[in-house]
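Chains as they are written, first to last, in the numbering used here: chain A, 1 to 234; chain B, 1 to 234.
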DNA sequence: CAGCTGAGTGAACGGTGTTTACTTTCGCGG
DNA sequence: CCGCGAAAGTAAACACCGTTCACTCAGCTG
């Protein structure tokens, strides 16, 4: 009964996994625009039409892939954070996550381009649906917000004089208890890291011939220097 | 002889212009990935094969389009800068250009996505060829470098303590006389502006529900505050 | 006027997503 | 154990796409 139907369900899930694996292989091989149902089906020894039993359209597959990638990236960052040990300060935790973010993105350029680049046609909804906190993209963002909130609670977060806090009162509506100061620090820090990373991923700085790693580290150092040191225990 | 051949040449150039106009119309209508030779030919009442008399491949058309767009953006920024009058200080000039950059990008989202987003397959060479200073992308970057060099000459540029200058000595190889301090300020300032803009263009912040304009203005204000005021004349 | 050159055509090749109707497979309930 | 029904997969078709090739045709040149 349910055992046997579980068998079929598991077979189905295995097929879905295979589809997504092959889709990712294509993504890695030739970029986000080259994910092709027909090529996946060819690799599986199937017809393209058969894939419609598993995904209603190519867009849905890509969106699923984005969700998986965000999850993978988030777990990688969490692992880097947790490797510091249980009592680690919020600043090293943030630094470790930021560095892991860059490492993962450069180790998986195609995947990073997919989730951090312009949404493919038909995938626009993915980023828009992020409003839900359960959305993989939002869950990823939250792991950076959490240590910043901790810093704020401990009074270690600096006032960003140049950010107009008045316009941020409606930010992060799904985190209603988030102080605007935390929102300001998170948003500016995030866009700065994102700027270096996106410029790197999208070849925007190749004409300068510069090594971008120091630029990324500079933003990390700049953030760290802004935060007050932890109050010495005892 | 040359008169008549000039006629032909002008006719040819008019056709090239029409092709690029229609390509841009498609870009605006449906995004960078939707530029299609066949659709352009259809709009022109021609066959797709005929377009190969004007461009060796679709990639070449897109690259030409990118060049035009960079030129258009640069001229828009230069116009905003020059509107300040001949004796304007370098900081307001930079601010005016940065604001015009954002205005243009948001007024031309598809075009901005094409030049600031990940290179389309086959267009990777465009960003790589930027090493040439005559390249449209490099020429755009230089208009931001110039006022910064002026600030440095006047001793108004701050030392960015967090940037590792040692790794920047090989930056901007085509501007060999550029001081590393200018390179450092340019690169960090540019990636910060780019970060806000790209996040905005690529829907990376929609889940926060935030108005990104204050974030962009905050980076402008932050830069301006770092620069020493001009020495009072007389 | 003859001939060459450039513009444009039409058909074809191989690729794409998607839909439709059809067939095969296989687990489940009687 | 067997047949039913649902699920899985197929084949063909449609409408696109970039690109190539052989071809025509008009017009400028010598």
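Just so it is clear, CB atoms sit at the ideal spot from N, CA and C, and this is done for glycine as well.
Helix, strand or coil for residue i, going by three-state DSSP, please let me know.
i, result
"residue 6 of chain B", "helix"
"residue 141 of chain A", "helix"
"residue 18 of chain B", "helix"
"residue 202 of chain B", "coil"
"residue 88 of chain B", "coil"
"residue 1 of chain A", "In this prediction, residue 1 of chain A scores a pLDDT of 39, lower than 50, which makes its location untrustworthy; no coordinate-derived value is stated."
"residue 234 of chain B", "Confidence in residue 234 of chain B is poor, its pLDDT being 47 and thus under 50, which makes the residue's placement too unreliable to answer from."
"residue 101 of chain A", "helix"
"residue 242 of chain B", "Only positions 1 to 234 of chain B appear in this structure, which leaves residue 242 of chain B out of reach."
"residue 209 of chain A", "coil"
"residue 35 of chain B", "coil"
"residue 54 of chain B", "coil"
"residue 164 of chain B", "coil"
"residue 214 of chain B", "helix"
"residue 46 of chain A", "coil"
"residue 235 of chain A", "As shown, chain A starts at 1 and ends at 234. That puts residue 235 of chain A outside it, with no answer to give."
"residue 169 of chain A", "coil"
"residue 83 of chain B", "coil"
"residue 180 of chain A", "helix"
"residue 108 of chain B", "coil"
"residue 225 of chain B", "helix"
"residue 27 of chain A", "helix"
"residue 195 of chain A", "helix"
"residue 59 of chain B", "helix"
"residue 123 of chain B", "coil"
"residue 151 of chain A", "helix"
"residue 156 of chain A", "coil"
"residue 220 of chain B", "helix"
"residue 78 of chain B", "helix"
"residue 13 of chain B", "helix"
"residue 128 of chain B", "helix"
"residue 134 of chain B", "coil"
"residue 95 of chain A", "helix"
Since I believe residue j is in contact with residue i (beta carbons under 8 Å), could you give me their beta-carbon distance rounded to a whole number of angstroms?
i, j, result
"residue 41 of chain A", "residue 26 of chain A", "Not really, about 12 Å apart at Cβ, beyond 8 Å."
"residue 73 of chain B", "residue 20 of chain B", "That pair is no contact at about 16 Å."
"residue 162 of chain A", "residue 159 of chain B", "Actually they do not touch by this definition, with Cβ atoms about 19 Å apart."
"residue 188 of chain B", "residue 215 of chain A", "6 Å"
"residue 246 of chain B", "residue 115 of chain B", "It is not possible to answer for residue 246 of chain B, since the shown part of chain B is limited to 1 through 234."
"residue 33 of chain B", "residue 33 of chain A", "6 Å"
"residue 143 of chain B", "residue 78 of chain B", "6 Å"
"residue 236 of chain A", "residue 80 of chain A", "Residue 236 of chain A is absent from the structure shown; chain A starts at 1 and stops at 234."
"residue 201 of chain A", "residue 113 of chain A", "6 Å"
"residue 133 of chain B", "residue 90 of chain B", "Not really, about 21 Å apart at Cβ, beyond 8 Å."
"residue 126 of chain B", "residue 35 of chain B", "In fact, because the Cβ distance is near 14 Å, the residues do not count as touching under 8 Å."
Residues of the segment 25 to 47 of chain A with a CB closer than 8 Å to any CB of chain B: list them in chain order, please.
30, 31, 32, 33 and 34
Using a Cβ-Cβ cutoff of 8 Å, what residues of the segment 192 to 210 of chain B are near chain A? List them in chain order.
192, 193, 194, 195, 196, 198, 199, 201, 202, 203, 204, 205, 206, 207, 208, 209 and 210
Output, in sequence order along the chain, the residues in the segment 74 to 86 of chain A whose CB is closer than 8 Å to any CB in chain B.
none
At a Cβ cut of 9 Å, what residues of the segment 135 to 167 of chain A count as close to chain B, listed as they run along the chain?
135, 137, 138, 141, 160, 161, 162, 163, 164, 165, 166 and 167
Looking at chain A, which residues of the segment 214 to 231 of chain B have a Cβ within less than 8 Å of any of its Cβ atoms?
214, 215, 217, 218, 219, 221, 222 and 225
Take every Cβ of the segment 180 to 197 of chain B, pair it with every Cβ of the segment 218 to 226 of chain B, and state whether three or more of those distances are shorter than 8 Å.
yes
With three or more beta-carbon pairs closer than 8 Å as the criterion, would you say the segment 181 to 188 of chain B touches the segment 170 to 188 of chain A?
no
Inter-stretch contact at 8 Å, needing at least 3 Cβ pairs: the segment 87 to 98 of chain B / the segment 10 to 18 of chain B
no
Would you call the segment 55 to 62 of chain A in contact with the segment 107 to 123 of chain A, where contact means no fewer than 3 C-beta pairs closer than 8 Å?
yes
Residues, ordered as in the chain, of the segment 118 to 131 of chain B that lie near chain A by beta-carbon distance below 9 Å:
118, 119, 120, 121, 124, 126, 127, 128, 129, 130 and 131
Contact between the segment 199 to 215 of chain A and the segment 132 to 146 of chain B: three or more CB pairs below 8 Å?
yes
Give, in chain order, every residue of the segment 168 to 184 of chain B whose Cβ lies closer than 7 Å to some Cβ of chain A.
168, 170, 171, 172 and 173
Of the residues that make up the segment 98 to 114 of chain B, which ones have a beta carbon closer than 7 Å to any beta carbon in chain A?
113
The segment 12 to 24 of chain A: which residues have C-beta closer than 8 Å to a C-beta of chain B, in chain order?
none
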